[in-house]
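Novice: Questions regarding the structure given below will be posed in turn.
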């Protein structure tokens, strides 16, 4: 290499010999405009609407949202939670207003299954606003104290609220959400809404042995024999539905491995009424139906339109067992008065009551 060539190479930062091609590639990557993707904007560049404004980017799935503070108008606004401000003193009070979802449930909701195509996944993946929303979601999830639910068990053994003294009025009641999971009757997963529609249902939601022992104080034959007498005398109009929620996949695998034990305990006639649910229960659902502590069991009385008419939490206290039995009998009277014959009565879920039609529910 001549002296002039060496000086030129030194000024441009190039090396001679075997490293020359490598350095050229590095410099090309540095100055290339396509080497790194730009952050996506709110619209697809180069595509304009008829009015000349750019079209907004289309998203195919809602961004995940983690609850950070309870709604101020919630009847459980002051109850302890696994997130938010730590509660130092709490005494449960009876539910003053109905709890539940605002919209009627439908099969196929809250499955936790992603049905997006590959193109839709790609479009959502490069959406910068969704990245920001997911970042906030993950931050809220990670910042939650791991032992908060266990600490909250010190407040009346985790009891979140007391059961209302009577049923919520029918036309003011809110809905029990659709949940999706495997039953003991089949490996195929199923929705809860078709099972609940057309029946009066005592629904229990629990996770773990502690919560299961709590709901037994409401629904077990030993501790509430009057409830099981009503179940037998109803002719199938009243049913007991158990929902075992376990979001940890390793624990769920253990539960499935020993599902034979659950089958022996539940009884073959109730296999299709025992659900194993792992996905789909969002913070919004937990806030709406009052499942504020994952270590506590919850008991609901759901009518034939999938509306929550009565609810209890933790272990039964006082006259809560008797109140559950009275509520079941009241719902049985409503079913007979409306001529519901049982089975999958989709119209009883999705169609609201006619205006001016009298209801047989108790006033709250």
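Numbering (my numbering), first residue to last: 1178 to 1541. Where is the CB? At the ideal position from N, CA and C, for every residue including glycine. This one's a predicted model, so the numbers in the text were calculated from it and none came from an experiment.
1) For residue 1353 versus residue 1288, is the C-beta distance shorter than 8 Å?
2) Just the Cα atoms here: how many angstroms apart are residue 1455 and residue 1503?
3) For residue 1297, which three-state DSSP category applies?
4) Determine the closest residue to residue 1258 out of 1476, 1460, 1398, 1498, with distance taken between C-alpha atoms.
5) Against chain B, does residue 1312 count as a neighbour if the rule is that its beta carbon must be under 8 Å from one of theirs?
6) For residue 1475, which beta-bridge partners are listed by DSSP?
7) Going by DSSP, what residues sit across from residue 1485 in a beta bridge?
8) Which residues in the same chain have their Cβ closer than 7 Å to the Cβ of residue 1424, if we skip the five residues on either side of it in sequence?
9) Tell whether a beta-carbon distance below 8 Å holds between residue 1379 and residue 1439.
10) Give the straight-line distance between the Cα atoms of residue 1450 and residue 1501, rounded to the nearest whole angstrom.
11) Answer yes if the stretch 1304-1323 comes into contact with the stretch 1384-1398, meaning at least three C-beta pairs across the two stretches below 8 Å, and no otherwise.
12) Give the secondary structure of residue 1409 by DSSP, where H, G and I count as helix, E and B as strand, and everything else as coil.
13) In terms of residues, what are the limits of the alpha helix (DSSP H) holding residue 1502?
14) What number of angstroms, rounded off, separates the C-alpha of residue 1452 from the C-alpha of residue 1347?
15) Between the stretch 1333-1344 and the stretch 1269-1281, do three or more beta carbon pairs fall short of 8 Å?
16) Beta carbon of residue 1372, beta carbon of residue 1448: below 8 Å?
17) Ignore the nearest five residues each way along the sequence and tell me which others in residue 1473's own chain have a CB closer than 7 Å to its CB.
18) Apply the 10 Å Cβ neighbour rule to residue 1412 and answer buried if 16 or more other Cβ atoms are within range, or exposed otherwise.
19) In the DSSP assignment, find the unbroken alpha helix (DSSP H) run with residue 1431 in it and report its ends.
20) Below 7 Å CB to CB, which residues in the same chain sit around residue 1330 once its five sequence neighbours on both sides are set aside?
21) Between the beta-carbon of residue 1285 and the beta-carbon of residue 1368, is there less than 8 Å?
22) Can you tell me where the alpha helix (DSSP H) with residue 1326 in it begins and where it stops?
23) Does DSSP put residue 1271 in a helix, in a strand, or in coil?
24) To the nearest angstrom, report how far apart residue 1323 and residue 1260 are at their CA atoms.
25) Whole angstroms is fine: what's the gap from residue 1468's alpha carbon to residue 1514's?
26) Take residue 1252 and list the residues in its own chain whose beta-carbon comes closer than 7 Å to its own, dropping the five residues that flank it on each side.
27) Mind checking whether residue 1407 and residue 1415 have CB atoms under 8 Å apart?
28) Quick check on residue 1387: does DSSP put it in helix, strand or coil?
29) Quick one, which of 1384, 1296, 1409 has its alpha-carbon nearest residue 1326's?
30) Check whether the Cβ atoms of residue 1374 and residue 1512 lie closer than 8 Å to each other.
31) If the criterion is Cβ atoms closer than 8 Å, does the pair residue 1381 and residue 1280 meet it?
32) Hey, quick one: how far does the alpha helix (DSSP H) through residue 1465 stretch, first residue to last?
33) Return the residue from the list 1516, 1283, 1403, 1496 that minimises the CA-CA distance to residue 1483.
34) Could you spell out the range, first to last residue, of the alpha helix (DSSP H) harbouring residue 1364?
35) Residue 1313 lies in the alpha helix (DSSP H); which residues open and close that run?
Specialist: In terms of the structure at hand:
1) Residue 1353 sits at position 176 when you count from the first residue of the chain shown. Residue 1288 sits at position 111 when you count from the first residue of the chain shown. For residue 1353 and residue 1288, no; Cβs fall outside 8 Å.
2) Counted from its first residue, the chain shown places residue 1455 at position 278. Counted from its first residue, the chain shown places residue 1503 at position 326. Taking the Cα positions, residue 1455 is about 32 Å away from residue 1503.
3) On the chain shown, residue 1297 is found 120 positions in, with the first residue counted as 1. Residue state, collapsed to three classes: helix.
4) Within the chain shown, numbered from 1, the residue matching residue 1258 stands at position 81. Nearest C-alpha to residue 1258: 1460.
5) Here there is only one protein chain, and chain B is not present.
6) Residue 1475 sits at position 298 when you count from the first residue of the chain shown. Residue 1475 pairs with 1382, 1490.
7) In the chain shown, residue 1485 corresponds to position 308, counting from 1. Answer by DSSP bridge pairing, in chain order: 1479.
8) The residue labelled residue 1424 in the question sits at position 247 within the chain shown. Once the five neighbours on either side are set aside, the close Cβ partners of residue 1424 are 1455.
9) Indexing the chain shown from 1 puts residue 1379 at position 202. Indexing the chain shown from 1 puts residue 1439 at position 262. No. Outside cutoff.
10) Residue numbering aside, residue 1450 sits at position 273 when the chain shown is read from its first letter. Residue numbering aside, residue 1501 sits at position 324 when the chain shown is read from its first letter. Per the coordinates, the alpha-carbon of residue 1450 lies some 19 Å from the alpha-carbon of residue 1501.
11) no
12) Here the question's residue 1409 lines up with position 232 in the chain shown. Correct three-state label for residue 1409: helix.
13) Looking up residue 1502 in the chain shown gives position 325. Residue 1502 -> alpha helix (DSSP H) spans 1497-1515.
14) Your numbering for residue 1452 matches position 275 in the chain shown. Your numbering for residue 1347 matches position 170 in the chain shown. So the two alpha carbons sit approximately 26 Å from each other.
15) yes
16) Taking the chain shown and counting its residues from 1, the one referred to as residue 1372 is at position 195. Taking the chain shown and counting its residues from 1, the one referred to as residue 1448 is at position 271. Not in contact: residue 1372 and residue 1448 (Cβ atoms no closer than 8 Å).
17) Reading the chain shown from its first residue, position 296 is the one you call residue 1473. Answer for residue 1473: 1335, 1337, 1388, 1391, 1490, 1491, listed in chain order.
18) Your numbering for residue 1412 matches position 235 in the chain shown. Its Cβ having fewer than 16 others within 10 Å, residue 1412 is exposed.
19) The count along the chain shown starts at 1 and reaches residue 1431 at position 254. Judged by DSSP secondary structure, residue 1431 falls within the alpha helix (DSSP H) whose first and last residues are 1426-1434.
20) In the chain shown, residue 1330 corresponds to position 153, counting from 1. If we look at residue 1330 and ignore the five residues flanking it on each side, its Cβ neighbours are 1472.
21) Mapped onto the chain shown, residue 1285 falls at position 108. Mapped onto the chain shown, residue 1368 falls at position 191. Yes, they are a contact pair.
22) To locate residue 1326, count along the chain shown from 1; it is residue 149. First-last of the alpha helix (DSSP H) with residue 1326: 1325-1329.
23) Stepping through the chain shown from its first residue, residue 1271 is reached at position 94. Correct three-state label for residue 1271: strand.
24) Indexing the chain shown from 1 puts residue 1323 at position 146. Indexing the chain shown from 1 puts residue 1260 at position 83. Each residue's alpha carbon lies about 10 Å from the other.
25) On the chain shown, position 291 is the one that residue 1468 refers to. On the chain shown, position 337 is the one that residue 1514 refers to. Looking at the two C-alpha atoms, the distance is approximately 32 Å.
26) Here the question's residue 1252 lines up with position 75 in the chain shown. 1272, 1273, 1274, 1276.
27) By one-based count along the chain shown, residue 1407 stands at place 230. By one-based count along the chain shown, residue 1415 stands at place 238. Yes. Within cutoff.
28) By 1-based counting over the chain shown, the position of residue 1387 is 210. Three-state result, residue 1387: helix.
29) For the purposes of this step, residue 1326 is identified with residue 149 of the chain shown, where counting begins at 1. With distances taken between Cα atoms, residue 1326 lies closest to 1384.
30) Taking the chain shown and counting its residues from 1, one reaches residue 1374 at position 197. Taking the chain shown and counting its residues from 1, one reaches residue 1512 at position 335. Cβ distance not < 8 Å, so residue 1374 and residue 1512 don't count as in contact.
31) The residue labelled residue 1381 in the question sits at position 204 within the chain shown. The residue labelled residue 1280 in the question sits at position 103 within the chain shown. Not in contact: residue 1381 and residue 1280 (Cβ atoms no closer than 8 Å).
32) Mapped onto the chain shown, residue 1465 falls at position 288. Where residue 1465 is concerned, the enclosing alpha helix (DSSP H) stretches over 1460-1466.
33) For the purposes of this step, residue 1483 is taken as the residue at position 306 of the chain shown. When only C-alpha atoms are compared, the closest one is 1283.
34) The residue labelled residue 1364 in the question sits at position 187 within the chain shown. Here residue 1364 belongs to no alpha helix (DSSP H); instead the beta strand (DSSP E) covers 1363-1368.
35) Position 136 of the chain shown, counted from the first residue, corresponds to residue 1313. Element bounds for residue 1313: 1305-1319.
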